[in-house]
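Protein chains in written order, with our numbering: chain A, 63 to 594; chain B, 28 to 681.
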């Protein structure tokens with residue numbers, strides 16, 4: 063098997079500087095993650111603890127199998143917005159009783175766990191991941207319902223959450239609710255729609271209308287326990303299947319329920335044995351330029367991600383600005399498409415389209431490693447049909463049926479983002495390195511384009527072009543686009559499933575592949591492979 | 028010629044004899060009680076014959092059954108080992124009468140020495156120094172206090188009492204008689220001058236049927252607990268060439284006086300002035316024979332078999348030499364910190380590295396230490412050019428041994444072997460009175476070692492969790508992209524509970540805490556059975572084994588036995604308290620309890636009738652009835668509270 067060489071010069075001066083730059087970026091990310099973990103802040107965390115309750119992440123940790131991995135999804139949702147970073151909900155994939163499950167936990171320290179627009183989006187994405195990958199869903203419920211000041215953004219789209227729960231159930235994807243506290247009004251439908259419901263004694267409150275609302279609506283006098291207490295639901299309404307004595311007991315019951323789901327993964331198992339990569343993932347920090355104008359060879363990344371650093375390159379001599387080939391990660395076979403020198407030409411596009419078809423023929427998942435400035439522009443390329451070639455690639459990506467994984471390693475500009483399976487192309491998972499940037503084009507180019515257009519417009523109207531103003535405009539636009547291209551900006555808006563430490567790339571992809579294999583892996587059939 | 032040898036014994040000595048027999052090409056036969064059906068010595072033998080029952084009186088002490096077993100298996104010789112029937116002249120005679128070779132002294136010699144009293148008389152006649160004695164309580168004054176009440180037929184400390192004043196005498200005699208009667212079937216006791224804190228020095232003698240009697244030098248067995256030897260060595264630090272020669276001559280004279288044949292041991296007390304006196308002669312192979320074997324290079328069992336077969340003692344035995352020093356310790360299943368209380372149980376681990384020491388044992392990992400037999404787990408013997416080197420080697424091997432599931436005197440032995448007075452040769456029978464066994468026997472592991480072991484246990488459990496994971500097993504342990512807390516594991520051991528928390532880093536470094544103390548930890552390698560870790564700058568390997576919730580850890584610092592606490596507390600008790608409600612609408616037929624009554628789990632409390640069927644509402648757990656809310660004849664709705672159970676008192680206390 064062809065083994066990728068180690069070409070990293072650890073003594074080169076740029077190794078140290080690149081590493082330092084990336085560690086700075088990682089520290090910036092970690093500071094935001096710490097904020098997300100801090101939830102509603104010390105005061106609310108303290109108040110929550112004083113009530114003898116566990117924090118959202120403590121509930122999650124107690125639910126998971128000891129020492130098993132947990133991939134938190136969209137941990138920095140809502141970054142840079144008016145909402146608490148993290149979006150007042152924790153979502154992620156973990157292992158419970160040897161079963162991969164999707165976990166969602168409200169963070170009751172943030173406005174009582176109320177759902178805001180970012181939290182809603184985050185839950186929507188988590189729900190999509192569970193459905194696409196057949197993951198049982200465990201909801202750790204404690205939420206006052208919709209965040210009322212932003213109800214207009216949540217109320218109408220939010221209904222999809224309950225529909226999704228029943229549709230999962232219809233697809234035999236189990237849904238479980240462990241109710242630790244309030245789950246009222248709309249929130250009451252979460253336990254209402256789940257296959258299994260556990261409620262914590264004297265803590266869970268599940269009702270459509272609380273005592274004041276009932277009083278207003280019908281004049282009836284009632285208390286919380288009568289309307290929606292755990293004992294009432296366990297003994298009278300039957301909404302609760304299990305009555306838990308306390309939070310830990312609820313989690314114990316949740317684990318017990320998952321154990322009896324008898325989940326079997328439908329995809330093929332990984333190879334029983336495989337080798338770790340030959341080279342240290344630490345090298346990635348010293349290898350990756352934070353200046354996106356400097357290209358880097360994705361083979362050096364693959365050498366630190368693929369099993370045994372083994373990579374069978376496909377069509378290496380043709381369209382060499384895109385690397386394609388076969389390897390495996392944690393024993394799961396994978397086809398790789400990786401940008402080598404940013405630009406996609408017609409040859410690269412055709413090569414990609416052919417390779418994607420081959421992966422569908424062999425039911426092999428695909429990994430897209432993005433570092434692209436887009437499809438080539440210019441007279442020569444337009445005349446030779448770069449649009450047709452790009453369309454072939456986008457067509458192949460769009461209609462490919464094997465699971466796709468995308469990691470944005472660096473640049474992701476223009477239609478290159480689409481051809482390389484960007485967010486809109488529904489890869490099963492999309493992760494971003496902290497140095498990555500994505501936009502319709504680079505900030506300088508975009509500002510320059512605007513400047514040219516404005517200049518032409520001024521000329522057409524016969525006006526003098528104000529060079530000073532142009533300079534100021536270009537700077538303003540460049541700064542805005544630069545800020546909006548940043549990984550943090552994109553992850554805040556759920557344009558990825560999270561920013562990852564480059565050193566964790568293999569781990570995250572291994573976990574993603576394992577999750578994907580809860581479904582059968584079946585490629586698109588139909589025509590034979592079109593030789594491009 | 029002996030072709031097939033039955034060993035009328037069990038455990039380590041049976042295995043010891045089989046080993047030499049096998050080397051000499053002699054087939055082997057074991058006898059075993061029901062309690063020993065799975066014992067290693069049974070598997071060691073070529074053939075084995077069951078002795079039904081477990082008590083020694085029903086099995087290993089049944090001469091008739093043992094001889095029948097020899098016949099059944101076609102054995103032509105019987106080796107009695109030590110204890111049981113080894114010094115039973117009647118048995119020896121029966122063996123001979125059955126036409127079998129008796130690997131032991133002539134019955135007459137056994138008989139002569141078996142009666143300690145008769146033996147003393149004979150020894151005095153042969154010119155061997157003896158202590159004053161008396162056979163009647165009345166003779167106590169003549170003997171003088173302190174004196175020792177001894178079983179005439181005894182050995183191994185059983186049936187022995189020290190008496191310091193006339194007032195204690197009667198009780199002591201009665202107690203000794205009772206013990207002797209049950210242990211040896213002969214309740215005869217006598218009184219003997221008790222020498223305070225003497226050394227116990229014995230001479231190994233060997234005689235053949237050709238008139239040769241030799242001394243194979245001394246063994247010192249002074250360190251004893253309750254008259255049981257626990258440390259034995261050769262040579263004795265107190266015996267020089269001249270004394271050795273004098274004692275050897277006395278021992279040979281003693282053997283000649285009774286027409287001795289085979290292996291025997293003449294026991295002496297040796298006082299500070301190097302005066303020695305005859306105590307008794309053991310007409311069998313001694314437990315501590317290996318130290319003699321190591322310093323002389325002789326195989327005593329081989330010599331026994333040669334002599335029994337009528338051969339003269341070989342030249343190397345006739346002119347023996349003594350080289351180096353050997354020390355044996357007896358590893359017992361007992362709690363040295365609690366008055367040497369015998370311990371029983373299953374050996375979850377029993378592994379002593381034999382690279383540098385000799386281990387004679389009848390136990391192995393998985394063996395059960397039962398209350399039926401002697402709780403000696405093993406004899407561990409070190410041999411080295413010097414006494415100090417032997418002691419160090421032995422202490423090292425013991426400290427590194429992996430022994431779990433049963434309390435042992437290991438830590439006591441290790442401490443004795445490194446103790447100043449012992450190393451200086453200051454051993455006498457009062458050693459364990461001067462050195463408090465509870466202190467010597469305290470765990471070798473200190474607090475720092477316990478922390479290391481708790482970390483090792485946590486890392487091994489972690490490795491086990493990863494190795495047995497059904498999915499994502501190859502991912503880094505406890506991996507998080509947004510780590511919010513550490514993994515936690517709660518352990519308890521005899522000294523209390525300990526919590527380990529850890530967060531695995533990228534490079535083997537682990538952010539760990541033991542209880543609230545931060546620990547600088549690097550894990551080089553962790554498997555469920557071996558953890559290689561650096562704690563506070565020192566790298567060690569800890570062996571770990573897990574049996575259910577039990578986690579045993581061993582390292583050079585000592586051993587730990589932890590119990591893994593469950594992640595989720597058992598709330599069954601809590602579930603039981605509360606209200607008992609009507610399962611369906613109906614009428615109350617009978618009320619069977621009153622408020623305040625204490626009830627058992629499952630006890631019927633109320634009987635309901637609904638839809639022509641009777642339903643009994645029973646107590647979910649033992650507890651008190653706080654309230655009865657219904658009476659006979661009353662109609663109740665489904666869910667109506669019938670009886671309220673009180674919170675169980677114990678539940679709060681927990």
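Glycine residues also receive a C-beta, built at the ideal position from the N, C-alpha and C atoms.
All values reported here derive from a predicted model rather than from experimental measurement.
Per-residue contacts from residue i into chain B (C-beta, under 9 Å)
i                      : result
residue 310 of chain A : 594, 595, 596, 598
residue 392 of chain A : 499, 501, 502
residue 128 of chain A : 488, 489, 492, 505, 514, 515, 516, 594
residue 157 of chain A : 496, 497, 498, 499
residue 162 of chain A : 498, 499
Under 7 Å by beta carbon: chain B residues contacting residue i
i                      : result
residue 576 of chain A : 498, 499
residue 133 of chain A : 508
Range of the contiguous beta strand (DSSP E) that encloses residue i
i                      : result
residue 258 of chain A : 258-262
residue 430 of chain A : 428-437
residue 37 of chain B  : No beta strand (DSSP E) contains residue 37 of chain B, which DSSP labels as neither H nor E.
residue 216 of chain A : No beta strand (DSSP E) contains residue 216 of chain A, which is instead part of the alpha helix (DSSP H) from 213-220.
residue 60 of chain B  : 54-60
residue 323 of chain B : Taken as a continuous stretch (DSSP letters only), residue 323 of chain B belongs to no beta strand (DSSP E), being part of the alpha helix (DSSP H) at 316-323.
9 Å Cβ cutoff met for residue i and residue j
i                      : j                      : result
residue 136 of chain A : residue 558 of chain A : yes
residue 552 of chain A : residue 500 of chain A : yes
residue 454 of chain B : residue 247 of chain B : yes
residue 255 of chain A : residue 217 of chain A : no
residue 550 of chain B : residue 486 of chain B : yes
residue 66 of chain A  : residue 371 of chain A : yes
residue 556 of chain B : residue 472 of chain B : no
residue 454 of chain A : residue 594 of chain A : yes
residue 489 of chain B : residue 131 of chain A : no
residue 484 of chain A : residue 492 of chain A : yes
residue 122 of chain A : residue 100 of chain A : no
residue 393 of chain A : residue 335 of chain A : yes
residue 632 of chain B : residue 663 of chain B : no
Listed by chain order, chain A residues near residue i by CB distance under 7 Å
i                      : result
residue 533 of chain B : 565
Bridge partner(s) assigned by DSSP for residue i
i                      : result
residue 164 of chain A : A:155, A:199
residue 369 of chain B : B:361
residue 572 of chain B : B:579
residue 98 of chain B  : Looking at the DSSP assignment, residue 98 of chain B forms no beta bridge with any residue, so it has no partner.
residue 129 of chain B : B:105
Residue closest to residue i, alpha-carbon to alpha-carbon, out of the options
i                      : options                    : result
residue 688 of chain B : B:442, B:489, B:496        : What the structure shows of chain B is the stretch from 28 to 681, and residue 688 of chain B is not part of that stretch, so it cannot be assessed.
residue 114 of chain A : A:566, A:309, A:430        : A:309
residue 383 of chain B : B:404, B:562, B:368, B:427 : B:427
residue 63 of chain A  : A:440, A:586, A:390, A:166 : A:390
residue 79 of chain A  : A:295, A:348, A:93, A:257  : A:348
residue 158 of chain A : A:199, A:547, A:176        : A:199
Contact list for residue i against chain B, beta-carbon separation under 8 Å
i                      : result
residue 137 of chain A : 508, 509
residue 569 of chain A : 502, 503, 506
residue 88 of chain A  : Simply none; closest approach about 12 Å.
residue 560 of chain A : 508
Neighbour flag for residue i against chain E, beta carbons, 9 Å
i                      : result
residue 366 of chain B : No chain E is present in this structure, whose protein chains are A and B.
Chain A contact residues for residue i, given Cβ-Cβ distances below 8 Å
i                      : result
residue 608 of chain B : 297
Extent of the continuous alpha helix (DSSP H) run through residue i
i                      : result
residue 327 of chain A : Where residue 327 of chain A is concerned, there is no enclosing alpha helix (DSSP H), given that its DSSP letter is neither H nor E.
residue 475 of chain A : Looking at the DSSP string, residue 475 of chain A is not in any alpha helix (DSSP H); the run it does join, the beta strand (DSSP E), is 466-475.
residue 518 of chain B : No alpha helix (DSSP H) holds residue 518 of chain B; the beta strand (DSSP E) holding it covers 514-520.
beta-carbon residue i near the ligand GTP non-hydrogen atom, thresh 8 Å
i                      : result
residue 287 of chain B : As far as ligands go, the structure on display features none, and thus does not contain the ligand GTP.
Within chain A, partners of residue i - CB distance below 9 Å
i                      : result
residue 666 of chain B : 297, 298
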